[in-house]
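Just so it is clear: in the sequence shown, position 478 is 484 by the working numbering, and no numbers are missing.
Structure first, then comments.
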Amino acid sequence: MAATDIERGLSTAEVEERIAAGKINRNMELKTKSVKELIIENLCTLFNLINVILAFLVILTGSFKNLTFLFVVFLNTAIGVIQSMRSKKMIDKLTLLTSKKAIAVRDGSEVELDLDQIVLDDIIRLGRGDQIPADAVVVSGEALVNESLLTGESDLIKKQPGSELMSGSFIDSGLLRARVIHVGADNYVAKINNEAKYVKKVNSEIMNALNAIVRFASIIMIPLGLALFASSVSELWDAAGTPGNSALSWCFSELLAGHVPSSALLSTVGALLGMIPQGLVLLTSSVLAIATVRLARRKVLAQQLYCIETLARVDVLCLDKTGTITSGRMEVEGTYPLPVEGMGAGEGDAAVPVDTTVLDFALANVARATSADANETCQALLNYYADRPVEVSEPLSVIPFSSSKKWSGASFAQGSYVMGAAQFVLSDRAFAQVENRVAELADTCRVLVVARVDGFTPDGDMVGEAEPVGFVTIRDEIRTSAAETIGYFNEQGVTLNVISGDDPRTVSSIARVVGVPGADAYVDATTLDTPAKLDAAVDRYHVFGRVTPQQKRELVQALKRREHTVAMTGDGVNDVLALKEADCSVAMAAGSDAARNVAEIELVDNDFASMPAVVAEGRRSINNLQRSASLFLTKTLFSMGLAALFIALPPYPFEPIQMTLINFFCIGAPGFVLGLEPNNARVKGSFLTNALKRALPASIAVILAAALDIFVARVFGFSQLTLSTMCLLSSCAVSVSLIWRISQPLTPLRVVLFVFVVAGILVGVIGFPELLSIANLSMGQMVILAVIVVFTCSVFFKLATMMDSLKPRRRHAATGFGRGVRVHLGRGGGKVSSTGSTAERFAKRVAADMAQRREDRTAREAEARALEGVAQAQPKKKKGSGAKRSRVTKSAQGIKVSMPSKKKK
Numbered sequence: 007m008a009a010t011d012i013e014r015g016l017s018t019a020e021v022e023e024r025i026a027a028g029k030i031n032r033n034m035e036l037k038t039k040s041v042k043e044l045i046i047e048n049l050c051t052l053f054n055l056i057n058v059i060l061a062f063l064v065i066l067t068g069s070f071k072n073l074t075f076l077f078v079v080f081l082n083t084a085i086g087v088i089q090s091m092r093s094k095k096m097i098d099k100l101t102l103l104t105s106k107k108a109i110a111v112r113d114g115s116e117v118e119l120d121l122d123q124i125v126l127d128d129i130i131r132l133g134r135g136d137q138i139p140a141d142a143v144v145v146s147g148e149a150l151v152n153e154s155l156l157t158g159e160s161d162l163i164k165k166q167p168g169s170e171l172m173s174g175s176f177i178d179s180g181l182l183r184a185r186v187i188h189v190g191a192d193n194y195v196a197k198i199n200n201e202a203k204y205v206k207k208v209n210s211e212i213m214n215a216l217n218a219i220v221r222f223a224s225i226i227m228i229p230l231g232l233a234l235f236a237s238s239v240s241e242l243w244d245a246a247g248t249p250g251n252s253a254l255s256w257c258f259s260e261l262l263a264g265h266v267p268s269s270a271l272l273s274t275v276g277a278l279l280g281m282i283p284q285g286l287v288l289l290t291s292s293v294l295a296i297a298t299v300r301l302a303r304r305k306v307l308a309q310q311l312y313c314i315e316t317l318a319r320v321d322v323l324c325l326d327k328t329g330t331i332t333s334g335r336m337e338v339e340g341t342y343p344l345p346v347e348g349m350g351a352g353e354g355d356a357a358v359p360v361d362t363t364v365l366d367f368a369l370a371n372v373a374r375a376t377s378a379d380a381n382e383t384c385q386a387l388l389n390y391y392a393d394r395p396v397e398v399s400e401p402l403s404v405i406p407f408s409s410s411k412k413w414s415g416a417s418f419a420q421g422s423y424v425m426g427a428a429q430f431v432l433s434d435r436a437f438a439q440v441e442n443r444v445a446e447l448a449d450t451c452r453v454l455v456v457a458r459v460d461g462f463t464p465d466g467d468m469v470g471e472a473e474p475v476g477f478v479t480i481r482d483e484i485r486t487s488a489a490e491t492i493g494y495f496n497e498q499g500v501t502l503n504v505i506s507g508d509d510p511r512t513v514s515s516i517a518r519v520v521g522v523p524g525a526d527a528y529v530d531a532t533t534l535d536t537p538a539k540l541d542a543a544v545d546r547y548h549v550f551g552r553v554t555p556q557q558k559r560e561l562v563q564a565l566k567r568r569e570h571t572v573a574m575t576g577d578g579v580n581d582v583l584a585l586k587e588a589d590c591s592v593a594m595a596a597g598s599d600a601a602r603n604v605a606e607i608e609l610v611d612n613d614f615a616s617m618p619a620v621v622a623e624g625r626r627s628i629n630n631l632q633r634s635a636s637l638f639l640t641k642t643l644f645s646m647g648l649a650a651l652f653i654a655l656p657p658y659p660f661e662p663i664q665m666t667l668i669n670f671f672c673i674g675a676p677g678f679v680l681g682l683e684p685n686n687a688r689v690k691g692s693f694l695t696n697a698l699k700r701a702l703p704a705s706i707a708v709i710l711a712a713a714l715d716i717f718v719a720r721v722f723g724f725s726q727l728t729l730s731t732m733c734l735l736s737s738c739a740v741s742v743s744l745i746w747r748i749s750q751p752l753t754p755l756r757v758v759l760f761v762f763v764v765a766g767i768l769v770g771v772i773g774f775p776e777l778l779s780i781a782n783l784s785m786g787q788m789v790i791l792a793v794i795v796v797f798t799c800s801v802f803f804k805l806a807t808m809m810d811s812l813k814p815r816r817r818h819a820a821t822g823f824g825r826g827v828r829v830h831l832g833r834g835g836g837k838v839s840s841t842g843s844t845a846e847r848f849a850k851r852v853a854a855d856m857a858q859r860r861e862d863r864t865a866r867e868a869e870a871r872a873l874e875g876v877a878q879a880q881p882k883k884k885k886g887s888g889a890k891r892s893r894v895t896k897s898a899q900g901i902k903v904s905m906p907s908k909k910k911k
């Protein structure tokens with residue numbers, strides 16, 4: 007583009023032409039779900055559908071007191087909607103994606119535009135702190151660009167005329183003009199976002215277990231419900247004197263006459279309600295919602311309820327270096343003076359204080375002299391000497407840093423000094439003398455040499471041969487909490503992998519400093535040019551450098567194929583694909599919008615040290631829910647067993663209102679109290695297996711008690727009301743025994759809970775017999791009931807002890823180089839199987855590639871149609887507003903964005 011075009015920019019006609027062609031910088035960021043979508047997502051569930059159908063059947067009977075179970079449904083749905091809305095609101099508030107305005111050159115003058123007003127070929131002006139709004143090519147000026155959010159590379163990249171700028175990166179220093187070459191969906195950031203827009207399935211063992219229970223119950227309750235209803239109707243038909251040809255024809259005639267078989271419907275609904283773990287669904291939502299509130303106080307945002315549980319189960323944590331382990335800025339690691347003859351007592355050094363080394367004097371004053379356009383290195387030196395007593399000297403001349411020279415310098419009354427890369431500052435002779443020392447220091451840091459020169463020419467070149475006075479080492483600033491946090495995960499047995507786009511040697515050195523096991527062995531991902539090599543590297547290395555966004559995702563996929571539960575942390579666009587693929591993803595609030603919107607957990611204060619708190623909340627939730635789930639599953643299992651039993655021996659003894667007594671005192675109240683206790687024990691075994699091991703003995707005991715109650719009722723001719731009362735009390739007795747057992751070891755809170763449960767059952771049975779349909783038992787009936795209760799409770803304790811003695815199944819996966827071997831170890835032995843032949847794995851990869859291409863093609867077609875629609879409805883060009891621009895700076899936590907305050911209307 008000619009110089010005149012650079013100064014003039016696009017004309018109004020050219021802008022309108024591009025708008026009409028759809029060549030505008032449409033906002034392609036990932037969006038949060040709408041309020042409508044969130045409500046529908048939480049409302050339209052299988053759990054709610056089943057309960058609505060059962061409520062409809064109860065309404066037909068006119069027994070509205072039996073609709074109390076709907077309260078649980080409403081409360082559970084409300085918790086889900088409120089939590090989803092809360093997360094959406096928080097994410098929308100945290101939309102930091104940098105400056106919302108850009109400066110463009112149009113018709114020969116600079117105008118301020120919204121980012122979506124930029125068009126193709128616009129000339130934009132970018133300076134220090136600006137974020138690049140669209141892919142562009144530099145046409146004038148030069149600058150150092152921070153691309154760490156996109157590539158993971160922490161080194162600044164020099165951009166000069168002809169260099170390409172990627173959208174989403176930052177101008178660290180310098181000033182330039184660039185021509186926009188991509189807009190909207192064609193931008194680098196947009197392409198990464200498009201690949202991350204698939205719906206991610208939540209990998210939650212608790213949620214999967216609950217869904218499995220509800221699905222199983224929904225399948226089995228249909229035949230059981232129909233059979234139980236038919237059996238109850240048959241019982242009513244017999245009681246009516248067997249009129250008509252059959253019980254079915256009699257039932258239809260009664261319905262046509264407006265007579266609903268209320269008792270049959272209520273007993274059937276009572277049985278089916280017991281099969282659905284309503285309280286467990288509500289308890290899970292409540293416990294996890296409370297956990298999210300607790301984490302919010304620690305500046306941690308959980309965007310999904312179940313992600314807290316997933317993080318507590320992870321066995322592999324993949325860390326991004328920049329923004330996670332490091333803060334995103336540089337720091338001084340140390341200074342190393344050289345004993346050079348004459349430097350301390352020479353004529354030129356007479357003014358240097360005796361308590362200050364020449365090295366410290368030179369570093370502090372050269373950094374201050376060049377601070378007007380401070381790069382990362384200069385800023386690190388300024389921070390280092392901010393609280394150190396080094397005399398400030400007025401510079402006589404200043405040579406700012408130049409990418410071509412690789413050094414900066416200044417002259418003072420005490421002498422002239424330069425600092426920069428040793429190879430560019432020193433002569434071959436001088437460099438040979440210090441080469442070994444430079445190599446030694448460069449193992450973990452970036453090394454700059456400080457040298458004295460005779461002065462500078464008018465063109466800014468050094469006069470005389472540079473004589474080194476010392477070295478300063480610069481490194482990525484490691485977060486103060488990083489080592490402690492990584493030590494915590496090491497203690498918990500979590501495998502740590504550091505995956506970065508930076509130089510693998512730099513990544514390895516930082517990983518060693520913070521204590522990542524196996525950090526000495528690292529791999530350059532550019533050498534992993536085949537799927538087999540990358541798959542093999544997963545088993546050999548824990549530090550990966552020069553990793554592309556696609557390779558990050560493939561590494562996570564390889565770990566998941568080995569049946570690991572993988573968590574991924576990151577803050578850049580280059581982390582988005584891996585964050586989407588991980589079982590649990592964690593993003594920094596100071597990172598890119600794309601990373602935050604796809605992550606399940608967001609660290610609002612950008613502090614990696616918050617991770618152990620999330621794990622602790624997850625452990626508390628999982629361990630307590632496993633214990634409480636045994637209460638709810640007991641009811642589910644014995645309800646299914648009793649329904650099957652009473653198909654043959656009708657009618658079903660429980661009414662919905664009686665199940666409410668069991669639900670509250672034997673399940674709900676103790677479940678909620680035990681579910682909210684502190685518990686930081688490690689998570690062991692499967693959630694559903696652990697819960698069933700506690701619930702199964704109690705369920706068998708309840709079914710046995712009901713069978714004995716039926717037997718004695720038939721033998722002694724007890725009434726249906728007496729049988730119902732005996733079944734209710736014996737079920738409560740077994741449930742109380744289960745509560746006693748899972749409350750071990752006893753604490754003052756658990757003792758109070760146990761007393762409350764027993765007292766509540768007694769008050770309900772004695773104080774509200776009519777409401778709960780309780781019979782007045784005779785002394786003989788109470789003695790028989792006591793014998794049944796003692797016997798069945800003894801059976802329960804015996805079965806529970808047997809269950810505890812069973813060893814858990816173990817399942818491990820061992821893999822080789824490119825070929826997987828799966829090992830199953832169980833109580834009865836083990837077996838080894840392959841994950842598939844080379845041909846099978848190749849076929850899977852081909853199918854996956856084809857699916858990806860179809861998805862990409864569909865996305866491109868959709869984007870093209872969207873752009874055409876925008877072109878047709880595009881309003882006239884808006885004038886640049888006078889709004890204040892956002893400021894983007896660096897902070898200890900990463901990138902800091904200061905947004906202009908808005909006046910309240």
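Backbone N, C-alpha and C fix where the C-beta goes; we use that ideal spot for every residue, glycine too.
Here the structure is a predicted model, which is why all the values come from computation and not from measurement.
Note that the segment 544 to 564 touches the segment 491 to 510; at least 3 beta-carbon pairs, one per stretch, sit closer than 8 Å. About 6 Å separates the CB atoms of CYS313 and ILE607; that is less than 8 Å, so the two are in contact.
A direct Cα-Cα distance of roughly 48 Å separates LEU752 from GLY578. Look at the beta carbons and you see the segment 80 to 90 not touching the segment 124 to 144: under three pairs across the two are nearer than 8 Å.
Under the DSSP definition of a beta bridge, ASN152 partners with PHE176. When only Cα atoms are considered, LEU768 and ALA713 end up about 23 Å apart.
When only Cα atoms are considered, ALA436 and GLU471 end up about 9 Å apart. The beta carbon of ASP715 lies closer than 7 Å to those of LEU729, MET732, CYS733, SER736 and ILE794 in the same chain, with the five residues before and after it left out.
Beta bridge pairing from DSSP links GLY415 with ILE405 and VAL424. In terms of Cα proximity to ASP509, the closest of ILE790, MET425 and ASP449 is ASP449.
When secondary structure is reduced to three states using DSSP, PRO510 falls in the helix class.
Cβ atoms of THR798 and ALA711 come within 8 Å of each other, at about 4 Å. Per DSSP, GLY576 is one residue of the beta strand (DSSP E) stretching across 572 to 576. In this model, TYR391 and GLU337 are separated by some 11 Å (Cα to Cα). Residue range 473 to 484 is occupied by the beta strand (DSSP E) that includes ILE484. Separation of VAL117 and TYR194 (C-alpha to C-alpha, rounded to the nearest whole angstrom) is 25 Å. Within a 10 Å sphere around the beta-carbon of LYS690 sit fewer than 16 other beta-carbons, which makes this residue exposed. The DSSP-derived three-state label of VAL189 is coil. Here CYS257 is buried, its C-beta having at least 16 other C-beta atoms within 10 Å. In this structure, the CA atom of SER146 is about 28 Å from the CA atom of ASN580. In this structure, ARG134 and SER179 form a Cβ contact; the two beta carbons are roughly 5 Å apart against a cut-off of 8 Å. For ALA654, there is no enclosing beta strand (DSSP E); the enclosing alpha helix (DSSP H) covers residues 617 to 654. A direct Cα-Cα distance of roughly 12 Å separates LYS164 from ASN381.
Straight-line measurement puts the Cα of ALA527 at about 19 Å from the Cα of ASP535. When the alpha-carbon of ILE296 is set against those of ASP611, SER634 and PHE678, the nearest one is in PHE678.
Distance from the Cα of GLY499 is smallest, within the candidate group ARG458, GLY461 and HIS570, for HIS570. VAL306 carries a strand assignment under DSSP once its states are collapsed to helix, strand and coil. Using a Cβ-Cβ distance cut-off of 8 Å, the segment 363 to 378 and the segment 428 to 444 are not in contact, since fewer than three pairs of beta carbons, one from each stretch, lie closer than that value. In this structure, LEU702 lies away from THR290, with their beta-carbon atoms at least 8 Å apart.
Secondary structure at THR274: helix, using DSSP grouped into helix, strand and coil.
Annotation for ALA110: the continuous beta strand (DSSP E) segment containing it runs 107 to 112. Under the three-state reduction of DSSP output, ILE163 falls in the strand class. About 6 Å separates the CB atoms of GLY421 and ARG458; that is less than 8 Å, so the two are in contact. It is roughly 41 Å from the alpha-carbon of PHE53 to the alpha-carbon of VAL789. Here the alpha carbon of PHE367 sits roughly 14 Å from the alpha carbon of CYS384. The distance from the Cβ of ALA704 to that of SER741 is about 7 Å, consistent with a contact at the 8 Å cut-off.
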